[in-house]
Amino acid sequence: MTAIYEIVAPDSPARMVEPLRYEARPQAADPSGEYAFVRLRYKRPGEAESRLIETPVTQADAVSRFEDADGEVRFAVAAAAYAQLLRGDPYLNDFGFSDAAAIANGARGEDPFGLRGEFVQLARLAETAAAQERLGSSGRGE
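Take 1 as the starting number for the sequence shown in full-length UniProt numbering and just add one per residue.
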């Protein structure tokens, strides 16, 4: 399982969700520099006891530009965005299949079995299918 979280500052122009009507005002920044604290429990297949991971998210974990994020993270984000596009997520604005394909292609890294390359091809095919749908064509020369 992969979980992707985007932490957006309260005053950021990237904030897309309207504030709650009776939302409490943010408190002063934590002097420790923590943005969040992640506590995750999981079990490996066949294990009876869960394992606990606890870690702070600090400024050292932040990147100011998406392009500076780790390639594995960028590829996972491309795959998640592709899934959002397939289900018609309204929060993607003008982000399209070609954008997901470009991000995935730029973050392919080592691909010994060609699976990442196959994903890039799927995203490109989805872009073509979406364009045909917008044109009202089924792609059969109609």
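We put the beta carbon where it would ideally sit given N, CA and C, even for glycine.
A Cβ-Cβ distance of about 12 angstroms is found for the pair Phe95 and Glu127, leaving them out of contact under the 8 angstroms criterion.
Here the alpha carbon of Arg87 sits roughly 25 angstroms from the alpha carbon of Pro13. Around the Cβ of Ile103, a 10 Å sphere holds 16 or more other Cβ atoms; the residue is buried.
Per the C-alpha coordinates, the member of Pro90, Ala80, Glu133 and Gln132 positioned closest to Val120 is Ala80. Nearest Cα to Ala60 within the set Ala76, Asp99, Ala83 and Ala69: Ala69. Distance from the Cα of Gly33 is smallest, within the candidate group Val57, Ala101 and Ala78, for Val57.
Cα atoms of Met1 and Glu67: separation of roughly 23 angstroms, rounded to the nearest angstrom. Inter-residue distance for Ala130 and Gly136 is about 10 angstroms (C-alpha atoms, whole angstroms). Rounded to the nearest whole angstrom, the CA to CA distance from Tyr42 to Gly117 is 30 angstroms. Membership of Thr128 in the alpha helix (DSSP H) is indicated by the continuous run Leu115 to Leu135. Judged by their CB atoms, Ala100 and Ala123 are nearer to each other than the 8 angstroms cut-off. Collapsing the DSSP output to three states places Pro90 in a helix. By the beta-carbon neighbour count (other beta carbons within 10 angstroms, threshold 16), Arg15 is exposed. In the three-state DSSP reduction, Glu67 falls in the helix class (H, G or I).
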